[in-house]
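**Q**
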Amino acid sequence: MADKNLPMREALRLALQEEMRRDERVFIMGEEVGQWQGTHKVTRGFLEEFGEKRVRDTPIAEMGIGGLAVGAAMAGLRPVAEFMTINFAFLALDAIVNHAAKVRYFFDGKFKAPVVFRAATGWGDQATASHSHTPEVIFAHFPGLYVCSPSNSADAYGLLKTSIRDDNPVLFTESIGLYRFPGPVPDEPDYTLPIGKGDIKHEGSDVTLVSYGRAVSWCLKAAKELAKEGISAEVVDVRWLRPLDTELIFESFRKTNRAVIVEESHQFYSFGSEVAAQIQENCFDYMDAPIKRVTQHDVPVPFSKPLEDLTYPDHTDVIKAVKEIL
Amino acid sequence: MADKNLPMREALRLALQEEMRRDERVFIMGEEVGQWQGTHKVTRGFLEEFGEKRVRDTPIAEMGIGGLAVGAAMAGLRPVAEFMTINFAFLALDAIVNHAAKVRYFFDGKFKAPVVFRAATGWGDQATASHSHTPEVIFAHFPGLYVCSPSNSADAYGLLKTSIRDDNPVLFTESIGLYRFPGPVPDEPDYTLPIGKGDIKHEGSDVTLVSYGRAVSWCLKAAKELAKEGISAEVVDVRWLRPLDTELIFESFRKTNRAVIVEESHQFYSFGSEVAAQIQENCFDYMDAPIKRVTQHDVPVPFSKPLEDLTYPDHTDVIKAVKEIL
Amino acid sequence: MAKPNKDTLLEWYRQMTLIREFEERCYQLYEEKRITGVYLHLYSGHEAVAVGAMAHLTEKDHTITAYRDHAQALILGVDPRLLMAEMMGRKTGVSGGKGGSMHLASPEHNFWGGYAIVGGHLPLASGIAFEAQYNDTGAVVLSYVGDGATNNGYFHEALNFAGLWDLPVLWLIENNGYGMGTETERAAGNPRLHDRADSYGVKDFERVDGQNVLEVYDKLGKAYDHIRAGKGSALVEVITYRYRGHGVSDKQYDTLKQKELAEWKANQDPITILGVHLLSEYKTVNEEDLAGIREMNVKVVDEAVEFAENSPFPNTLEELYANVYVD
Amino acid sequence: MAKPNKDTLLEWYRQMTLIREFEERCYQLYEEKRITGVYLHLYSGHEAVAVGAMAHLTEKDHTITAYRDHAQALILGVDPRLLMAEMMGRKTGVSGGKGGSMHLASPEHNFWGGYAIVGGHLPLASGIAFEAQYNDTGAVVLSYVGDGATNNGYFHEALNFAGLWDLPVLWLIENNGYGMGTETERAAGNPRLHDRADSYGVKDFERVDGQNVLEVYDKLGKAYDHIRAGKGSALVEVITYRYRGHGVSDKQYDTLKQKELAEWKANQDPITILGVHLLSEYKTVNEEDLAGIREMNVKVVDEAVEFAENSPFPNTLEELYANVYVD
Ligand SMILES: Cc1ncc(C[n+]2csc(CCOP(=O)(O)OP(=O)(O)O)c2C)c(N)n1
Ligand SMILES: Cc1ncc(C[n+]2csc(CCOP(=O)(O)OP(=O)(O)O)c2C)c(N)n1
Ligand SMILES: [Mg+2]
Ligand SMILES: [Mg+2]
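Residue numbers (our numbering), protein chains in the order written: chain Y, 119 to 444; chain U, 119 to 444; chain D, 9 to 335; chain C, 9 to 335.
(1) Does the beta carbon of Y:Phe206 fall short of 6 angstroms from some heavy atom of ligand 2?
(2) Any beta carbon of chain Y sitting closer than 7 angstroms to that of C:Ala74?
(3) Restricting to Cα atoms, I'd like to know which of Y:Tyr264, Y:Thr246, Y:Ser248 and Y:Ala247 is closest to Y:Glu254.
(4) May I ask you to list the residues that DSSP assigns as paired with U:Val380?
(5) Which ranges does the alpha helix (DSSP H) cover as unbroken runs of at least 4 residues, wholly within the stretch 236-323 of chain C, from first to last along the chain?
(6) Any idea if D:Asp233 is buried or exposed, counting beta-carbon neighbours within 10 angstroms, 16 or more meaning buried?
(7) Mapping the DSSP letters down to three states, classify Y:Thr429 as helix, strand or coil.
(8) So, with DSSP's three-state summary, where would you put D:Leu167?
(9) Given 8 angstroms as the limit, is there contact between the stretch 236-252 of chain D and the stretch 424-439 of chain U, that is, 3 or more CB pairs closer than that?
(10) What residues in the stretch 176-209 of chain C bring their beta carbon closer than 8 angstroms to a beta carbon of chain Y?
(11) Measure the Cβ-Cβ separation of Y:Ile376 and Y:Ile294 and say whether it is below 7 angstroms.
(12) Should C:His164 be flagged as near chain D, meaning a C-beta pair shorter than 7 angstroms?
(13) Looking at the structure shown, is U:Met147 part of a helix, part of a strand, or coil, going by DSSP?
(14) Would you say the beta carbon of C:Asp155 comes nearer than 6 angstroms to a heavy atom of ligand 4?
(15) Cutting at 6 angstroms between CB atoms, please list the residues of its own chain near C:Phe169, excluding the five before and the five after it.
(16) Need the endpoints of the alpha helix (DSSP H) that D:Asn183 sits in, please.
(17) Please name the residues in the stretch 177-194 of chain Y whose beta-carbon is closer than 8 angstroms to at least one beta-carbon of chain U, in chain order.
(18) Please look up how many angstroms separate the CB atoms of Y:Pro125 and Y:Pro300, rounded, as I've assumed it's under 8 angstroms.
(19) So what does DSSP say about U:Cys337, is it helix, strand or coil?
(20) Taking Cβ to Cβ, would you say C:His164 is nearer than 7 angstroms to D:His70?
(21) Answer yes or no: does any C-beta atom of chain D fall closer than 7 angstroms to that of U:Asp435?
(22) Under 7 angstroms, do D:Ala81 and D:Leu91 count as touching if we go by C-beta distance?
(23) Label Y:Arg298 either buried or exposed according to how many other C-beta atoms from any shown protein chain fall within 10 Å of its C-beta, with 16 as the threshold for buried.
(24) Locate the alpha helix (DSSP H) running through U:Phe371, then write down its first and last residues.
(25) Return the residue from the list U:Asp243, U:Pro261 and U:Ala395 that minimises the CA-CA distance to U:Pro287.
(26) Leaving out the 5 sequence neighbours to the left and right, which residues in its chain are closer than 6 angstroms to Y:Ala238 when beta-carbon positions are compared?
(27) Could you tell me which residues DSSP puts in a beta bridge with U:Cys266?
(28) D:Gly171: which of D:Arg204, D:Glu19, D:Gln266 and D:Phe119 sits nearest, CA to CA?
(29) Give me the chain U residues within the contact set of Y:Pro408, using Cβ-Cβ distance strictly less than 8 angstroms, ordered along the chain.
(30) Taking 6 angstroms as the cut-off, is the C-beta of D:Gly128 nearer than that to any heavy atom in ligand 3?
(31) Tell me the DSSP secondary structure of D:Phe213 in three-state form.
(32) Give, in chain order, every residue of the stretch 146-163 of chain U whose Cβ lies closer than 9 angstroms to some Cβ of chain D.
(33) 7 angstroms is my cut-off, CB to CB: does C:Leu172 come that close to chain D?
(34) Based on the DSSP secondary-structure assignment, which residues constitute the bridge partners of D:Thr190?
(35) With 9 angstroms as the limit, tell me which residues of the stretch 370-392 of chain U have their beta carbon closer than that to any beta carbon of chain Y; keep them in chain order.
(36) So, helix, strand or coil for D:Ser151, using DSSP?
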């Protein structure tokens with residue numbers, strides 16, 4: 119069937135709406151998901167369509183939201199718990215990594231917790247330090263959880279459906295910076311994507327750019343510009359921070375022998391660290407140059423626009439890094 | 119003056135006791151630090167010596183403990199807030215990384231938050247999954263905070279004093295597995311150690327072993343055994359996860375051209391990832407072999423002793439890794 | 009609510025003495041290093057609370073608690089052999105040896121398990137009740153709450169959800185006077201813990217003596233009635249006492265509080281109280297009957313220990329990685 | 009507690025109208041994209057709350073609040089030019105442009121700042137009060153609390169500390185009816201938020217009409233007296249209303265709740281109420297006097313805007329990295 123063209127926000131909305139229509143057990147809860155129509159409008163119209171039973175406005179109680187969703191999931195429902203932004207999920211860290219991610223293991227398989235924790239991630243619009251994080255890695259550090267972050271509308275559509283249908287707990291983050299970007303979405307209600315499988319977003323042979331979420335858009339833009347200079351960059355979107363598709367990364371690297379890893383977050387103990395460590399350990403003989411990392415500056419994010427702009431990388435930093443290793 | 123020989127628990131106790139005697143503004147708060155004499159007995163006798171004003175048993179309220187300590191520090195005191203174990207500090211993540219680590223930056227230097235968050239870290243004794251983490255990295259990901267974890271009694275003594283005297287917030291973790299281990303402690307009340315400086319715990323020339331906290335003991339044991347086989351291993355104890363002493367690591371690596379990074383925690387997005395990524399990026403021309411990482415298995419920690427033992431690495435895994443790259 | 013008859017009371021006596029036998033045996037086994045680990049929290053002294061509270065549960069109702077979770081499993085009828093095997097980390101344990109003392113569970117018995125993070129299970133209780141309400145099953149969730157746990161943010165958020173959405177949860181605060189070494193008065197700004205219910209629109213059923221199973225049964229009955237009548241969540245505070253300190257590794261409180269402990273044992277032992285009641289109320293019940301029940305329990309626990317110690321440990325990588333995820 | 013005289017009331021009128029002028033100008037500047045960003049939460053409609061509450065503060069007392077923090081800074085006498093510069097992210101702003109609207113602070117004024125994580129500043133308030141108690145300074149900490157924030161774990165733990173340790177904190181719940189788009193009734197199991205004080209041993213001073221500055225002043229006075237008498241922490245719930253929705257980016261509530269909003273403005277506007285009171289109470293005060301005050305405020309804010317827009321932006325790496333740490 120013909121694809122639709124939708125901003126990522128709408129692709130997510132459609133996926134969630136179709137899943138709620140498909141499965142009575144799926145419900146959405148979170149701050150302002152109902153009457154307010156969702157802070158990011160992903161649940162626009164849901165209260166009207168599904169009613170108060172399945173569209174739950176909650177108090178400002180993140181640790182409670184996290185834990186309640188885990189209990190409801192264990193009991194047989196399929197909660198989609200929205201954290202208005204990932205920053206507030208810091209308050210639910212214990213509920214997510216010590217409960218959702220572990221109830222199955224504690225009891226050796228007696229329970230499962232098929233919950234999806236959705237959260238807007240990333241920075242921009244001068245949200246300031248406490249509201250400007252892209253901290254997927256601190257959650258992905260822990261086994262028992264899956265962590266997913268789409269980079270475009272089609273992926274968002276398929277990956278959210280995958281996450282809702284899977285029996286494991288998933289932290290699903292949505293780049294605020296991508297919500298408004300349009301892209302084709304398959305007109306296929308059962309469109310799902312495999313867990314832990316990344317995707318080549320642009321083929322190339324000279325250098326591998328590894329990233330996820332919004333950073334993928336910087337890589338694609340960099341690849342375009344580099345192409346003009348005859349540099350062929352391959353863009354690997356891992357889609358999942360856990361499980362991480364190392365095979366796909368290695369395959370690409372064995373072809374290009376060079377890599378730049380790009381992410382929105384701070385450098386230390388981050389996405390780029392793991393990917394670089396994995397490549398050098400598993401593709402040592404293929405390394406023609408050091409693997410570079412592009413990250414935000416190692417500071418909390420300031421309010422002032424010029425400083426905020428200075429804090430974050432973009433495609434020009436990717437291009438710079440690529441040229442350093444070519 | 120002559121050194122004393124003290125288990126790490128007692129070295130920490132002495133450091134804290136001396137700092138409380140030296141500075142009226144220093145106080146200790148946390149669950150069971152008073153009447154119970156401290157879960158790990160680091161505050162044994164403190165209630166008797168310093169009284170209820172400066173030795174505060176608290177409710178089981180980690181987010182409150184974290185936040186209250188930040189406020190008291192901003193107001194001019196020098197709180198030492200003890201989390202019974204680092205696992206419970208998950209509930210204080212926001213207080214630590216979004217408040218302690220950021221109040222100075224939000225307000226561009228108008229405030230400081232000289233608080234030390236102490237927490238017992240690591241695993242063992244079948245504490246089970248929710249109580250068996252060594253998650254320093256998830257805190258160290260965030261700028262604004264310092265993260266320190268000593269590997270022996272002398273360091274514990276000096277580093278805790280350093281942390282208390284410094285004007286920045288410090289997460290100070292203490293390996294449960296090291297509390298009972300004795301070691302020399304300088305008889306020098308002003309013994310402090312520089313922030314962000316690591317330490318060579320054992321000199322060597324064939325391979326660099328990088329670690330922190332209890333993992334250092336595995337490295338030292340491995341170095342001893344390897345020596346018997348004529349393999350000379352250098353053991354780098356970074357002491358601080360933030361700021362990380364990359365220079366010291368690079369220096370050693372440029373000498374040995376080989377490295378194994380050893381830690382207690384899970385592999386993904388962890389200490390080993392960052393160090394390996396840094397080395398390959400900054401010492402590429404010195405790499406004679408891939409950098410190896412030794413971590414715990416990527417599972418929550420099970421109760422059963424044989425399984426728990428299987429979960430964690432020790433010196434034999436370090437030796438194995440070294441031999442793979444020699 | 010039916011007044012308990014002789015058989016019911018004898019069954020309660022069996023449950024309470026089985027719990028006591030099981031717990032005291034665990035204590036002994038720990039001393040002998042046949043049960044290992046740092047965490048083993050015993051229910052001795054609390055028996056009347058769980059027995060009286062759970063006597064009201066029906067097939068479809070649910071139970072969830074913290075790490076002090078042996079009694080709930082025994083009352084619900086989980087095989088003591090599988091429980092003891094879990095204490096010893098054996099493959100045959102209810103949690104395959106992965107959970108240990110703090111993580112017992114049995115879905116067949118609607119026992120949602122014991123949890124180790126203080127307060128962590130409270131929103132789970134609200135979530136389980138959310139499902140009951142969502143699917144209109146009429147089930148009630150019995151959630152245990154320690155006195156110390158009431159000061160944690162989890163308590164606040166979980167109970168507010170229950171009060172706000174009228175979730176069918178019965179919050180049973182077991183006020184045993186301490187959170188580890190901290191008296192309730194040194195942890196709670198207002199130590200009348202049941203007062204907190206009102207903040208959340210949760211019905212406050214106030215306090216009851218937790219050493220007298222009949223009073224517990226009676227008071228809890230009213231709370232269940234409230235919930236089953238569709239009036240929303242309810243809370244009861246039960247005053248009780250722990251005989252074995254916070255956990256078996258905690259010796260200091262046995263000694264520090266020796267006098268206090270001795271008084272509770274002498275004057276308020278839940279088993280003694282029920283025994284005396286049975287003997288005085290029913291001519292047809294004599295000391296031998298009660299002794300017989302206790303001996304039966306000894307056998308049950310003997311068998312459990314034997315089964316456990318003859319069970320293998322999990323020890324393969326395959327077992328280690330099993331059930332991290334649903335695959 | 010002294011009854012406010014004419015001069016005091018005129019000063020309050022000045023403060024309230026300055027706040028209104030400042031906030032409405034911010035709104036306008038945001039519409040004109042001269043103030044940028046997503047977060048700008050205005051105090052219009054709330055003026056009587058802060059003015060009445062802070063009239064009791066002495067030199068040594070402390071104030072801390074959430075992101076709706078412009079009014080507190082203005083009342084404490086922070087230079088409006090530095091505040092407006094902060095709104096615009098200028099180097100000359102009170103927070104060097106790093107904090108923006110949500111993070112104003114001024115240690116010289118004992119203003120401990122605005123914080124953006126709901127509930128996050130509440131334990132900080134307890135900590136600041138802890139220092140006051142520790143050093144026996146006799147200071148009181150005034151901590152603002154949103155109605156929505158009362159449902160967060162931070163509220164529970166922070167207030168329990170205050171009640172348990174009798175910390176000198178005055179918890180001022182500003183119940184403006186909404187947390188973003190959620191009515192208090194849809195967020196709190198018990199919407200009488202002041203009832204929660206009792207759970208913590210915090211003295212409950214119940215509710216007061218937040219649109220009448222005299223009533224606010226009066227009620228708050230009793231709460232301060234309680235704390236200054238060394239009797240521990242106190243709580244007051246103030247009923248008020250926001251004129252500009254949750255934040256300037258929130259247009260829907262202005263429209264959705266137009267009628268409700270119009271009624272509040274028509275019948276319960278805090279500035280009108282004080283103005284009417286002044287004119288009726290004091291023959292010597294006339295409409296021109298009040299108009300004069302308002303015009304003066306226009307000038308003050310004009311100057312602030314001019315100062316701000318003529319100030320440079322921070323834009324160097326050195327500025328970016330400054331004050332991450334104390335070095
Ligand atoms: C969040 C958290 N903080 C601290 C601990 C350590 N801890 C385990 S049990 C306990 C005391 C709990 O007391 P209470 O709630 O009264 O339950 P009781 O043990 O008396 O049954 C503490 C502090 C923990 N497990 N979780
Ligand atoms: C922990 C957390 N969760 C969610 C948010 C998003 N948020 C910002 S303000 C707000 C509403 C707060 O309402 P209230 O406490 O009543 O204060 P008001 O805005 O009415 O002054 C929410 C949900 C946040 N900043 N922090
Ligand atoms: Mg207790
Ligand atoms: Mg409000």
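Glycine is no exception: its CB is placed at the ideal position from the N, C-alpha and C atoms.
Small disclaimer: the values here were computed from a predicted structure and weren't measured.
**A** So, from the data block:
(1) By one-based count along the first sequence, residue 206 of chain Y stands at place 88. Answer for Y:Phe206: yes, Cβ within range of ligand 2.
(2) Locating residue 74 of chain C in the fourth sequence gives position 66, counting from the first residue. At a cut-off of 7 angstroms, the C-beta of C:Ala74 has no neighbouring C-beta in chain Y.
(3) Here residue 254 of chain Y is taken as the residue at index 136 of the first sequence, counted from 1. Among Y:Tyr264, Y:Thr246, Y:Ser248 and Y:Ala247, the Cα nearest to that of Y:Glu254 is on Y:Tyr264.
(4) Here residue 380 of chain U refers to the residue found at position 262 when the second sequence is read from its first residue. Beta-bridge pairing links U:Val380 to U:Ser329 and U:Val412.
(5) Every alpha helix (DSSP H) of 4 residues or more that sits fully in the stretch 236-323 of chain C is shown, in chain order, as 260-264, 266-276, 278-289 and 295-317.
(6) Position 225 of the third sequence, counted from the start, is the residue given in the question as residue 233 of chain D. Exposed, by the Cβ-count rule.
(7) Residue numbering aside, residue 429 of chain Y sits at position 311 when the first sequence is read from its first letter. For Y:Thr429, the secondary structure class from DSSP, reduced to helix, strand or coil, is helix.
(8) As a working note, residue 167 of chain D is residue 159 in the third sequence. DSSP places D:Leu167 within a helical segment (H, G or I) once states are collapsed to three.
(9) Fewer than three Cβ pairs drawn from the stretch 236-252 of chain D and the stretch 424-439 of chain U lie within less than 8 angstroms of each other, which leaves the two stretches out of contact.
(10) Hits within the stretch, in order: Gly187, Met188, Gly189, Thr190, Arg194, Ala195 and Ala196.
(11) For this step, residue 376 of chain Y is matched to residue 258 along the first sequence. For this step, residue 294 of chain Y is matched to residue 176 along the first sequence. Correcting the residue identity first, residue 376 of chain Y is Arg in this sequence and not Ile. No, Cβ-Cβ distance for Y:Arg376 and Y:Ile294 is not below 7 angstroms.
(12) Position 156 of the fourth sequence, counted from the first residue, corresponds to residue 164 of chain C. Yes, contact with chain D.
(13) Counted from its first residue, the second sequence places residue 147 of chain U at position 29. DSSP, read as helix, strand or coil, puts U:Met147 in strand.
(14) Counting from 1 along the fourth sequence, the entry for residue 155 of chain C is found at position 147. Remark: the C-beta of C:Asp155 is in contact range of ligand 4, defined as less than 6 angstroms to any heavy atom.
(15) Start at 1 with the first residue of the fourth sequence, and residue 169 of chain C comes out as number 161. When the five nearest sequence neighbours on each side are left out, the beta carbons in the same chain lying within less than 6 angstroms of the beta carbon of C:Phe169 are those of Ser134, in order along the chain.
(16) The sequence position of residue 183 of chain D within the third sequence is 175, counting from 1. Per DSSP, D:Asn183 lies in no alpha helix (DSSP H) segment; the continuous beta strand (DSSP E) that holds it begins and ends at Val177 to Asn183.
(17) Of all residues in the stretch 177-194 of chain Y, Met181 have a Cβ within less than 8 angstroms of some Cβ in chain U.
(18) Counted from its first residue, the first sequence places residue 125 of chain Y at position 7. Counted from its first residue, the first sequence places residue 300 of chain Y at position 182. With 8 angstroms as the limit, Y:Pro125 and Y:Pro300 qualify as a contact, their Cβ atoms being about 5 angstroms apart.
(19) If you number the second sequence from 1, residue 337 of chain U lands on position 219. Helix at U:Cys337.
(20) Position 156 of the fourth sequence, counting from 1, holds the residue named residue 164 of chain C. Position 62 of the third sequence, counting from 1, holds the residue named residue 70 of chain D. Judged by their CB atoms, C:His164 and D:His70 are not nearer to each other than the 7 angstroms cut-off.
(21) For the purposes of this step, residue 435 of chain U is identified with residue 317 of the second sequence, where counting begins at 1. For U:Asp435, the answer is no, since every Cβ of chain D falls outside 7 angstroms of its Cβ.
(22) Taking the third sequence and counting its residues from 1, one reaches residue 81 of chain D at position 73. Taking the third sequence and counting its residues from 1, one reaches residue 91 of chain D at position 83. Less than 7 angstroms divides the Cβ of D:Ala81 from the Cβ of D:Leu91.
(23) Counting from 1 along the first sequence, the entry for residue 298 of chain Y is found at position 180. Sixteen is the threshold: since fewer than 16 other Cβ atoms of the shown chains lie within 10 Å of the Cβ of Y:Arg298, the residue is exposed.
(24) Residue mapping note: residue 371 of chain U aligns to position 253 of the second sequence, counting from 1. Thr364 to Thr374 is the extent of the alpha helix (DSSP H) around U:Phe371.
(25) Translated into positions along the second sequence, residue 287 of chain U becomes position 169. It is U:Pro261.
(26) Position 120 of the first sequence, counted from the start, is the residue given in the question as residue 238 of chain Y. These residues qualify, in order along the chain: His158, Thr203, Glu292 and Ile294.
(27) Here residue 266 of chain U corresponds to residue number 148 of the second sequence, with the count starting at 1. Bridge partners of U:Cys266: U:Phe290 and U:Trp358.
(28) For the purposes of this step, residue 171 of chain D is taken as residue 163 along the third sequence, with counting starting at 1. Check the Cα spacing between D:Gly171 and each of D:Arg204, D:Glu19, D:Gln266 and D:Phe119: the tightest is with D:Arg204.
(29) Along the first sequence, read from residue 1 onward, the residue named residue 408 of chain Y stands at position 290. In chain order: Gln398, Glu399, Asn400 and Phe402.
(30) Along the third sequence, one-based indexing puts residue 128 of chain D at 120. Checking every heavy atom of ligand 3 against the Cβ of D:Gly128, none is found closer than 6 angstroms.
(31) Here residue 213 of chain D is taken as the residue at index 205 of the third sequence, counted from 1. Under the three-state reduction of DSSP output, D:Phe213 falls in the strand class.
(32) Hits within the stretch, in order: Glu149, Glu150, Gly152, Gln153, Trp154, Gln155 and Thr157.
(33) Along the fourth sequence, one-based indexing puts residue 172 of chain C at 164. With 7 angstroms as the cut-off, C:Leu172 counts as an interface residue toward chain D.
(34) Working through the third sequence from its first residue, we reach residue 190 of chain D at position 182. The secondary-structure analysis by DSSP pairs D:Thr190 across a beta bridge with D:Gly187.
(35) Flagged, chain order: Ile379, Ser383, His384, Gln385, Phe386, Tyr387, Ser388, Phe389, Gly390, Ser391 and Glu392.
(36) To locate residue 151 of chain D, count along the third sequence from 1; it is residue 143. Here D:Ser151 sits in strand by DSSP.
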